[in-house]
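Everything on this sheet refers to the single structure shown next.
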Amino acid sequence: FLSFNITPSLNVGLFETVIFSRENQFEFHYLLPVMLYRTLEQGLGSPDNVMIGFNGKWNLLHRFQLYGQILLDEFKFNELFLDNRGWWGNKLGYQAGLKYIDALGIDHLDAQVEYNSVRPYTYTHREAIANYVHYNQNLAHPLGANFREWVLLLRYPFLKRFELETRLIGASFGEDIQGETNVGSNLLLPSDEKTMPDYGNEIGQGIPAQTLLFGFDLSYRLAHNMYLDINYFYRNKDSDNNSLDLRTQYLGGGVRINLDRPRMDF
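Quick note, this note's numbering runs 1 ahead of the 1-based positions in the sequence shown.
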């Protein structure tokens with residue numbers, strides 16, 4: 002990761018990542034802190050899964066922060082101008098967001114809105130062992146790929162010891178017919194087993210589905226780094242395949258000591 006402050010309020014960054022598998026060795030040269038080394042190696046025919054990305058953030062008017070990120074897994078610029086659009090190998094994702102500090106002039110009330118989008122087959126590789134997963138769990142976003150998502154967060158500490166955090170998250174994505182299709186959502190499947198054509202791939206392909214999540218966390222500080230928590234979580238998934246519909250509600254509480262609050266935003 003390379004980060005550079007263009008001005009005191011504007012920061013840009015460049016990052017690379019690689020997933021590889023070997024039976025009897027570790028590729029120690031991947032530890033070299035040289036940017037673009039992995040990308041150049043892939044251009045020479047490396048079998049590993051290499052990704053490159055750019056990020057930036059801009060603080061303005063003392064109360065706002067614009068931020069964003071672009072990830073390129075595989076990408077061919079000339080494919081954007083062909084008559085047949087939606088080449089499956091243009092695997093990319095992006096994020097755009099805005100933070101609002103002391104929103105509406107209310108001290109300590111912070112708001113955040115964010116949009117995320119990832120094309121089908123992003124993070125995947127022709128060999129499943131090099132996909133962007135660990136212990137069968139996605140390393141990037143819980144939805145994997147082939148989705149659009151928006152996020153709204155509000156945080157407000159009040160009465161010295163209380164803190165309230167609420168979140169509303171909506172997403173649309175495409176699902177597989179389990180064991181029969183690979184439409185680019187499931188990162189556990191190799192891209193060589195895709196069941197969609199080379200062109201015409203769009204976000205949401207497969208079985209259309211939507212999720213809506215709402216939750217809040219209320220914390221009371223009992224002592225230094227010791228909190229009493231109450232949590233509520235609601236998730237509703239609506240799929241065109243009714244057998245995949247799911248509704249979940251959770252209400253819980255506990256005491257936290259020197260620990261961050263657990264997240265269930267998926």
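Just so you know, even glycine gets a beta-carbon here, dropped at the ideal spot from N, CA and C.
What is the C-beta distance between residue i and residue j, in whole angstroms, given that I count them as a contact (C-beta under 8 Å)?
i, j, result
"residue 64", "residue 102", "5 Å"
"residue 195", "residue 183", "5 Å"
"residue 213", "residue 171", "5 Å"
"residue 14", "residue 55", "7 Å"
Can you check DSSP and say which residues form a bridge with residue i?
i, result
"residue 26", "DSSP lists no partner for residue 26."
"residue 265", "Bridge partners of residue 265: none, in fact."
"residue 135", "138"
"residue 158", "164"
"residue 61", "65"
"residue 239", "211"
"residue 95", "71, 118"
"residue 249", "236"
What are the boundary residues of the beta strand (DSSP E) that residue i is part of?
i, result
"residue 195", "Careful: residue 195 lies outside any beta strand (DSSP E) and carries neither H nor E."
"residue 102", "From DSSP, residue 102 is part of no beta strand (DSSP E); its letter is neither H nor E."
"residue 4", "3 to 8"
"residue 180", "Looking at the DSSP string, residue 180 is not in any beta strand (DSSP E), and its letter there is neither H nor E."
"residue 14", "11 to 20"
"residue 204", "Per DSSP, residue 204 belongs to no beta strand (DSSP E) and is neither H nor E."
Measuring CB to CB, does residue i end up less than 7 Å from residue j?
i, j, result
"residue 218", "residue 232", "yes"
"residue 235", "residue 215", "yes"
"residue 228", "residue 87", "no"
"residue 222", "residue 156", "no"
"residue 113", "residue 154", "yes"
"residue 129", "residue 191", "yes"
"residue 133", "residue 20", "yes"
"residue 175", "residue 202", "no"
"residue 120", "residue 93", "yes"
Counting only beta-carbon separations shorter than 7 Å, does residue i have a partner in chain B?
i, result
"residue 61", "Here there is only one protein chain, and chain B is not present."
Determine contact between the segment 30 to 38 and the segment 54 to 72, defined as no fewer than three beta-carbon pairs at a distance below 8 Å. no
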